[in-house]
Amino acid sequence: MLPHRPKTTTVNDTMARLSAARYGKDNVRVYKVHKDEKTGQQSVTEMTVCCLLEGEIETSYTQADNSVIVATDSIKNTIYIKAKEHPVNPPELYASILGQHFLDKYAHISAAHIDVTVHRWTRMVIDGQPHPHSYLRDGQETRNVEATVTRDGVAIKSGIVGLQVLKSTGSAFHGFVRDEFTTLKETWDRILSTDVDAGWTWKKFANLAAVQEGVERFDAAWEAARNITLKTFAEDESASVQNTMYKMCEQILDAVPETEKTNYSLPNKHYFEVDLSWHKGLQNTGKDAEVFAPQSGPNGLIKCEVSRS
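Everything in the sequence shown is counted per our numbering, starting at 325 for the first residue and increasing by one.
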């Protein structure tokens, strides 16, 4: 949100107006450990946080007036302080608390955009027992939250990014448009691999208290979306990436009724057969294919968004 009286300047006889602006601190790395003194067990959370502010800040751009700027270093410090003062799990709650702070503290700030990326740490199992304080990173998957806190409420989008999956069969692709530009062969059996980028958008919350009420909904939704993604990917006899991702979206909307829409972005990571017939007639194509060449690019990219009707 910009000031009620936007500053207009003349540049080379052309009227110029600052139409949008936000600023803040990005790539703030945060690690928090929770220590249970009774059990001796510790749990850890590692996040990367971005916080951008909007409001009556136009004069800092148009008139070199820094009196309206909350320094980005102060924003960084606030991110750490709020992580100390409040829970960081679920990340939807932490992002909402952090954003609300800036609106409560600074009257001229009208919106706080908080992005939280939670990096995966999985507790080690040693001799069949969960270890109290040791973890491993078993993938680059992250849990992501985008929260926009305004004086009209809290808008939250949750998601999964970088979940790498592959199945060696159970995927087909045929019946597509064939014309003078087409060289791709139809297939009834192929490798399907992708890096899952999935998101679900919550119905807007009236305020921070509404986010805090029933906060367990956020972990439950993340677990449901992740399980739906894995189960559908594994079990669906996929006619196309498009059809499989639509089925995932439908199920998430059913499982999490407080969401209003969901989306997927799936790169189709190709694995090509290697023709080895030149070497002593070695058969390695079609039903005989066992050795493939993973491709780094180009790749297909399929996206969709499914909303409640």
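The beta carbon of each residue, even a glycine, is placed where N, CA and C say it ideally should be.
Work out the CA separation of L532 and E465 for me, nearest whole Å.
A direct Cα-Cα distance of roughly 28 angstroms separates E465 from L532.
Alpha-carbon spacing of E561 relative to R514, whole angstroms
One Cα belongs to E561, the other to R514, and the distance between them is close to 11 angstroms.
Spatial neighbours of S631 in its chain, beta-carbon cut-off 6 angstroms, leaving aside the 5 residues before and after
For S631, the CB contacts under 6 angstroms within the same chain, skipping 5 residues up- and downstream, are K585 in chain order.
So, are the CB atoms of E380 and V392 less than 8 angstroms apart?
Yes.
Would you grab the beta carbon distance between C374 and D350 for me? Rounded to a whole angstrom, and I think it's under 8 angstroms.
That belief holds up - the Cβ atoms of C374 and D350 are roughly 4 angstroms apart, short of 8 angstroms.
Best match in S384, E547 and W546 for proximity to L342 [C-alpha to C-alpha]
Of the listed residues, the one whose Cα sits closest to L342 is S384.
Which residue wins for smallest C-alpha separation from S589, given the options E559, A617, W524 and E597?
It is W524 whose Cα lies nearest to the Cα of S589.
Taking Cβ to Cβ, would you say T369 is nearer than 8 angstroms to V352?
Against a cut-off of 8 angstroms, the Cβ pair of V352 and T369 comes out as no contact.
When you compare the segment 490-510 with the segment 468-475, are there three or more beta-carbon pairs, one atom per stretch, that lie closer than 8 angstroms?
Output reads no: the segment 468-475 does not touch the segment 490-510.
Bridge partners of H358, per DSSP?
For H358, the beta-bridge partners assigned by DSSP are S367.
Between L600, P456 and K400, which has its C-alpha nearest K362's C-alpha?
Taking only the C-alpha atoms, the option nearest K362 is P456.
Would you kindly check if the distance between the Cβ of Q366 and the Cβ of K356 is under 8 angstroms?
Taking 8 angstroms as the Cβ cut-off, K356 and Q366 do not qualify as a contacting pair.
Can you list, in chain order, the residues of its chain with a C-beta nearer than 7 angstroms to that of E582? Leave out the 5 residues immediately preceding and following it.
W526, K527 and R541.
Check whether the segment 536-551 touches the segment 562-582, taking contact to mean three or more Cβ pairs, one atom from each stretch, closer than 8 angstroms.
In the pairwise beta carbon analysis, the segment 536-551 is classified as touching the segment 562-582: at least three pairs are separated by under 8 angstroms.
Please list, in chain order, all residues of the same chain as P327 whose beta carbon is under 7 angstroms from its beta carbon, the five residues on each side excluded.
Interpretation of P327 is limited by its pLDDT of 46, a score under 50 that renders its predicted location unreliable; no figure is taken from the coordinates.
Below-8 angstroms beta-carbon distance, T446 vs any chain C residue:
As a matter of chain content, chain C is missing from the structure shown, which is built from one protein chain.
DSSP on H457, reduced to helix/strand/coil?
Note: H457 maps to strand in three-state DSSP.
CA nearest to the CA of N272, picked from V598, T568 and G483:
Residue numbering for the chain in the displayed model covers 325 to 633; residue 272 lies beyond these limits and cannot be assessed.
Candidates F616, A395, Y404 and D428: which alpha carbon is nearest Y418's?
That would be Y404, whose Cα lies nearest to the Cα of Y418.
Can you tell me whether S492 is buried or exposed, with buried defined as 16 or more other CB within 10 angstroms of its CB?
It counts as exposed.
Put Q387 into one of helix, strand or coil per three-state DSSP.
In the structure shown, Q387 sits in coil (DSSP, three-state: anything other than H, G, I, E or B).
Locate the beta strand (DSSP E) running through S562, then write down its first and last residues.
For S562, there is no enclosing beta strand (DSSP E), since its DSSP letter is neither H nor E.
Have a look at D503, K481, G348 and K627 and flag the residue whose alpha-carbon is nearest the alpha-carbon of L377.
Taking the Cα of L377 as reference, the smallest distance to any Cα among D503, K481, G348 and K627 is reached at G348.
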